[in-house]
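Down below is the structure, laid out as structure tokens.
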Amino acid sequence: MSWWTELALIEQAAMKGSEYAAGSLLTVADLPVVEVAAILAATDRIEQMSGAERVRMLAGRRIALLFYESSTRTRTSFELAAKSLGAITTLVSDKSSSIEKGESLKDTGLTLRALGAECIILRHANSGAAYLLAKATGLPVLNAGDGMHEHPSQALLDLRTILARLPDVNAGRVDAKTLHGVTVVITGDILHSRVARSNAMLLPKLGARVLLCGPAGLLPEDALGLGSAGNTGGVEIERDFDKALKQAQVVMMLRIQRERLAGLELDLGDYVARYQLNEERLMACAPNALVMHPGPMIRGLEIAGEVADGPNSAIEDQVRHGLAVRTALLVRALGAGGFESVTV
Ligand code: CP
């Protein structure tokens with residue numbers, strides 16, 4: 012059984028007969044387009060509020076950030092988003108807590124709940140960890156990246172970035188046809204990428220065509236299964252990066268995760284020659300494409316520095332949209348009588 016088939020089974024088992032607290036965001040797989048539209052509408056509304064209005068939304072509410080893996084963008088943006096809404100945050104990291112002494116995820120979650128946490132934002136190295144925590148605590152859990160499974164808030168911020176930056180897309184209308192005619196090329200270590208999985212499941216719900224690109228070792232054929240029923244777009248594979256780029260309105264580059272390459276035969280020099288997004292390749296194949304990267308990026312490996320800093324790049328926009336989208340996800344998680352009111 013392939014690793015990706017195992018992931019699909021983890022998801023099916025987690026969803027079957029289980030109830031998670033309303034406002035949890037564990038996966039994009041079960042997120043209907045109307046809910047995506049509601050989250051983006053709430054993001055817009057919160058963004059337009061004054062600081063004084065915003066800080067009242069979650070005033071005094073307690074949010075725990077539970078991080079078992081390093082993070083810059085996700086952790087900081089969730090924390091700043093929570094603080095901008097008036098919430099009280101606490102960070103628990105595997106490096107400076109009783110997790111180091113062997114305390115389990117379940118016991119750590121129950122401890123945070125006993126301390127008054129009303130919502131937990133979890134990053135964890137194990138796929139499915141967010142389901143476990145949500146089930147054990149009954150609290151709304153926001154999956155901030157679990158192993159090779161999913162990174163739902165990243166896919167939502169990527170979507171908002173695309174809607175904001177693609178000139179022909181009507182950002183005011185978010186439905187199953189919004190990204191019709193848009194090809195998003197995702198290139199790199201797709202096998203290990205929770206960002207790729209979440210995007211490949213979310214973007215086709217809005218009609219996008221997702222073209223996955225990479226060598227066989229980093230992109231298994233069963234990735235095609237991500238373009239599952241109910242999507243109006245689809246997921247395809249094109250292993251030749253130049254051919255893929257020529258079809259792209261958006262190209263998302265992924266980090267080569269050296270820490271996950273054990274057992275794979277990957278010649279990095281050959282990889283750079285075939286798959287690096289550099290200025291020459293971009294200008295030759297997709298001079299108008301929007302360039303994205305979830306970060307952290309390794310300049311000179313999957314992406315050349317001049318492309319990351321160039322006019323096509325939306326990489327810093329992605330970070331800014333991350334902060335905005337996460338305010339809406341926190342309001343949604345905590346109810347607060349606010350999410351519905353900001354979406355109407
Ligand atoms: N994109 C992303 O998840 O980045 P961090 O690991 O820095 O949070």
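Numbered by the working numbering, the letters in the sequence shown go through residues 12 to 355 in order. From the three backbone atoms N, C-alpha and C, an ideal C-beta is built for every residue, glycine too.
- If the five residues before and after Tyr286 are omitted, its C-beta is found closer than 8 angstroms to the C-beta atoms of Thr198, Gly199, Cys224, Gly225, Pro226, Phe252, Glu313, all from its own chain and listed in chain order.
- Under the three-state reduction of DSSP, Ala70 is assigned to coil, being neither helix nor strand.
- Residue range 245-248 is occupied by the beta strand (DSSP E) that includes Ile248, with no alpha helix (DSSP H) assigned at that position.
- DSSP places Asn154 inside the beta strand (DSSP E), whose first and last residues are 152-157.
- Taking a contact to require three or more Cβ pairs closer than 8 angstroms, the region 160-180 and the region 109-118 do not qualify as touching.
- Exclusion of Gln258 from the 7 angstroms shell around the ligand CP follows from its C-beta lying no nearer than that to any non-hydrogen atom of the ligand.
- For His135, the secondary structure class from DSSP, reduced to helix, strand or coil, is strand.
- Fewer than three Cβ pairs drawn from the region 46-61 and the region 115-126 lie within less than 8 angstroms of each other, which leaves the two stretches out of contact.
- Val44 and Val185 have their C-alpha atoms roughly 8 angstroms apart.
- Taking C-beta separations shorter than 7 angstroms and ignoring five residues to either side along the sequence, Asp278 has no partners in its chain.
- Distance between Leu265 and Pro215, taken at the CA atoms: about 19 angstroms.
- Taking 4 residues as the minimum length, the alpha helix (DSSP H) runs contained wholly in the region 53-125 are 62-68, 84-95, 116-125, in order along the chain.
- The ligand CP approaches Thr83 closely enough that one of its heavy atoms is under 7 angstroms from the residue's Cβ.
- Distances between the C-beta of Gly306 and the heavy atoms of the ligand CP include at least one below 7 angstroms.
- Look at Arg208: its beta carbon is at least 7 angstroms from all of the heavy atoms in the ligand CP.
- Taken in chain order, the complete beta strand (DSSP E) segments of 3 or more residues contained in the region 209-235 are 220-224.
- Between the C-alpha atoms of His160 and Leu37 there is a straight-line separation of about 10 angstroms.
- Following the DSSP letters along the chain, one finds Leu174 inside the alpha helix (DSSP H) bounded by residues 163-176.
- Its Cα nearest to that of Leu42, the residue Asn210 stands out among Val342, His332, Asn210.
- By alpha-carbon distance to Thr85, the top candidate from Ala300, Cys296, Lys188, Ala155 is Ala155.
- Pairing Ala145 with Tyr31, the inter-Cα distance amounts to about 6 angstroms.
- For Ile326, the uninterrupted alpha helix (DSSP H) run begins and ends at 326-344, by DSSP.
- Sequence-distant Cβ neighbours of Arg250 in its own chain, meaning closer than 8 angstroms and more than five residues away, are Cys224, Gly225, Pro226, Ala227, Leu230.
- According to the DSSP assignment, Val302 belongs to the beta strand (DSSP E) that extends over 301-303.
- Here the C-alpha atom of Ile57 lies approximately 46 angstroms from the C-alpha atom of Gly280.
- The alpha-carbon separation between Pro298 and Asp320 amounts to approximately 15 angstroms.
- The beta carbon of Ile248 is closer than 6 angstroms to those of Leu223 in its chain, skipping five residues each way along the sequence.
- Taking all protein chains shown into account, Leu275 has fewer than 16 neighbouring C-beta atoms within 10 Å of its C-beta and is therefore exposed.
- Contact check for Ala335 against Thr87 fails: the beta carbons are separated by 8 angstroms or more.
- Contact annotation, Arg343 with Gly34: C-beta distance approximately 5 angstroms; criterion of less than 8 angstroms satisfied.
- Taking the CA atoms as reference points, Leu340 sits about 25 angstroms from Met308.
- For Ile267, the three-state secondary structure derived from DSSP is coil.
- For the set Gly97, Gly311, Ala325, the Cα lying nearest the Cα of Val283 is the one of Gly311.
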